[in-house]
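Worksheet: the structure to be examined is printed underneath.
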Amino acid sequence: MMRLLIYIFIFISFLSSCGLETAKTGKNMEVIIASNFLFPQDARYYKGFKKRTGIRVKIVHLTSDSINKHLLKFGYNSEFDLVFVNSLKDVKSLQNNKYHQFEYKFAKSELNSFKPILKNRWLVSGIDPYVFSYFPDSTERPKTYKDLTNNFLYATPNDDELDVFLAQIKYHLRKNKKGSFKKWKANFVKNQVIYDSGTDSSSSHQFLFHKASLLKTDSTLMNSKGRTIYFPNQTKKGFYADRYAIAVVEQAKNFDNAKQLLRFINKCEKIPAPFEIIQLNSTKAKHLNKLSEESILDNL
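Following this note's numbering, the numbering of the sequence shown begins with 1226 at its first residue and continues without gaps.
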């Protein structure tokens, strides 16, 4: 009887060990990013990560609204591991979902090129400055954002991208006379003219106000040779910018892989993307207005 029990124990142990081995080999060697600005083909910029770790990066391109619907529907069963967006406006629309909360010490030591916000559930990974762009000539040009409320006309390719900019204006005018922001915005809108996108062979020659990334992502403007970029407010409180931000989905299926990817990006000190994303600790961000992300979000 004792010998029979020993045999049964050995047999069960054997089955258990097979089960563990199967679980090991079945582990996913991938990490899935849901993004509103990266596309599936942009996974090629993560080849260095795959070469070092063997983990494949897969990118799913969706609007922030579609990402939000997916997370609300699937919750902890979501296929996404990371959410990567290009605006604080998207962070606000997505922040009610569940994301991993990083320990402050871990974020400080292992992810020091990122900036944790919203109780360490989002990581600011870079900035997208609000800039002026134009073709140089003898005409006098504005140097500050306030100039756009006075005698200078401007066009903007995408009105929706200005919400984060206006939130910063609203914050800085909060202690001024009642109605100051409303008046500022009215004058700002009054000086806006209709944007002429031009054609592939002849792009717009207008004075433009927009996020810097547009010159790297808009096909017409990318071919607009000779257009100068100017960062306003450099002699005052600094230029305003939108933010790129990353969050790890709570209980992500490939959680460890997602953390490895963040560590890899942190070590490289460069966000893998088809264009340069200016990081917070770079020299290009030296004259950034230091308004906190939480204050901007509160005014959106």
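We put the beta carbon where it would ideally sit given N, CA and C, even for glycine. No experiment lies behind these values; they were computed from the predicted model shown.
Query	Result
Our contact map puts K1344 next to L1525 with C-beta atoms below 8 Å; I'd like the distance itself, whole angstroms only.	Incorrect: roughly 18 Å between the Cβ atoms, too far for contact.
Label Q1393 either buried or exposed according to how many other C-beta atoms from any shown protein chain fall within 10 Å of its C-beta, with 16 as the threshold for buried.	buried
Give a yes or no on whether the C-beta atoms belonging to H1430 and F1360 are separated by under 7 Å.	yes
For L1378, count the other beta carbons within 10 Å of its own beta carbon; 16 or more makes it buried, fewer makes it exposed. Which is it?	exposed
Report buried or exposed for T1288, applying the criterion of at least 16 other Cβ atoms within 10 angstroms of its Cβ.	exposed
DSSP on Q1417, reduced to helix/strand/coil?	strand
Quick one: what's A1380 bridged to in DSSP?	V1418, L1433
Tell me the rounded alpha-carbon separation between T1381 and F1432.	9 Å
From the DSSP output, which residues share a beta bridge with P1341?	L1348
By the 10 Å Cβ neighbour count, where 16 or more other Cβ atoms means buried, how is T1247 classified, buried or exposed?	No answer about T1247 holds up, because its pLDDT of 27 lies below 50 and its placement is not dependable.
Could you tell me if R1468 is buried or exposed, where buried requires 16 or more neighbouring beta carbons within 10 angstroms of its beta carbon?	buried
In chain order, what residues of the same chain lie with their CB nearer than 6 Å to the CB of A1483, ignoring the 5 residues before and after it?	V1256, D1306, L1307, V1473, A1477
Could you compute how far the alpha carbon of A1332 sits from the alpha carbon of Q1326?	10 Å
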